[in-house]
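I have placed the structure first, in the form of structure tokens, so that the comments after it can refer back to it.
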Amino acid sequence: MALRRALASLAPRLLQPTSELAAPFATQALRTQLSSLLPVPTDTSSQQPSSNFGQAFRTFASDAVTNVKTEGAVADIKELSLSPSNKITYNELNHRRFAPGTEGRPFAYFVLTGGRFLYASAVRLAVLKVVVSLSAAADTLALSSLEVDLSGVEEGQTITVKWRGKPVFITHRTDEAIKEAESVPMSDLKDPQKDSERVVDPKYLIVIGVCTHLGCVPIAGTGNYNGWFCPCHGSHYDNSGRIREGPAPYNLEVPEYRFMDGKKVIIG
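In terms of my numbering, the sequence shown opens at residue 13 and continues consecutively.
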């Protein structure tokens with residue numbers, strides 16, 4: 013009984029709003045709890061509906077907007093100048109104006125031209141380095157050509173020299189061998205080629221000593237045509253290095269060469 017009297021005396025005070033921003037949701041929850049304990053007389057006419065919460069905040073927001081100061085606001089658009097003008101003023105406090113024609117253009121042109129010259133020189137050096145790196149070295153160029161003295165090669169003799177890692181046959185032909193090579197009809201040849209097209213000086217025949225079949229080295233002075241014979245697969249070449257019999261499809265290759273003064277030849 014004492015608890016009921018205490019709650020009955022405190023209920024009116026708790027149900028009264030303490031400020032304009034009091035939360036009605038909390039009041040409604042408290043009212044529900046108290047009604048379960050005792051009948052509490054409530055005056056519904058004095059209570060605001062649930063919209064009072066939003067109304068109170070709307071009133072607060074509108075007041076906040078109306079109370080905002082407009083100091084430092086942007087001026088009206090009508091006060092701004094939207095039309096350009098040619099009356100431009102410069103702050104010459106830290107600058108010095110030159111007379112027309114003496115404002116330092118020659119020096120600027122000199123600096124720009126010098127910079128472009130340096131860039132062009134750098135590009136030229138880079139291109140030269142690339143070209144030099146791609147070219148053959150001096151020792152490689154020395155091996156690309158071979159000088160041979162033919163004074164010690166007797167008539168009818170064949171010597172073998174090494175050029176670029178390949179054997180090269182040099183034959184000092186007799187007059188009979190030259191006539192025999194020139195009299196062969198083209199119809200008898202697998203790879204038709206005249207003897208005059210394969211020699212610079214008819215007295216000397218210079219060919220690469222590699223069989224055109226599978227790369228073997230033929231034997232000089234043998235075979236059915238007094239030229240070269242490849243024992244690997246039986247290819248026969250005549251005294252002009254042309255294929256006559258066997259599986260080889262082409263004649264012996266003739267390298268590039270030229271004769272020097274006296275009896276010297278440079279191959280390559």
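Even for Gly, the Cβ is constructed at its ideal location relative to N, Cα and C.
- Taken in chain order, the whole beta strand (DSSP E) runs of length 3 or more contained in the segment 135-171 are 158-161.
- In this structure, the beta-carbon distance from Val212 to Tyr269 falls below 8 Å.
- Ser199 and Pro259 have their C-alpha atoms some 17 Å from each other.
- Bounds of any beta strand (DSSP E) do not take in Asp187; it lies within the alpha helix (DSSP H) bounded by 187-194.
- With contacts defined as CB atoms closer than 8 Å, Pro243 and Ile255 fail to qualify as a contacting pair.
- Here the C-alpha atom of Ala132 lies approximately 26 Å from the C-alpha atom of Ala148.
- Apart from sequence neighbours up to five positions away, the residues of its chain that approach Glu194 with a beta-carbon distance below 6 Å are Asp207, ordered along the chain.
- Note that the C-beta distance between Ile190 and Val266 is not below 8 Å.
- Here Asp203 really is in contact with Asn263; their C-beta atoms are around 5 Å apart, less than 8 Å.
- Annotation for Ile171: Val165, Ile182 place their beta carbon closer than 7 Å to its own, counting only its chain and skipping 5 residues before and after.
- Counting only residues of its own chain and dropping the five nearest sequence neighbours on each side, Ser157 has a CB closer than 6 Å to the CB of Ile278, Gly280.
- By the criterion of a C-beta distance shorter than 6 Å, Gly253 is surrounded in its chain by Val219, Asn263, Leu264, once the five residues flanking it on both sides are discounted.
- A buried status is given to Gly221, since no fewer than 16 other beta-carbon atoms sit within 10 Å of its beta-carbon.
- Minimum Cα-Cα distance from Trp175 among the listed residues Leu201, Gly126, Val160 corresponds to Val160.
- Counting every other CB atom within 10 Å of its CB across the protein chains shown gives Thr224 a total of 16 or more, marking it as buried.
- With a 10 Å radius around the Cβ and a threshold of 16 neighbouring Cβ atoms, Arg117 comes out exposed.
- Bounds of the beta strand (DSSP E) holding Cys242 are 238-242.
- According to DSSP, Arg270 shares a beta bridge with Ile278.
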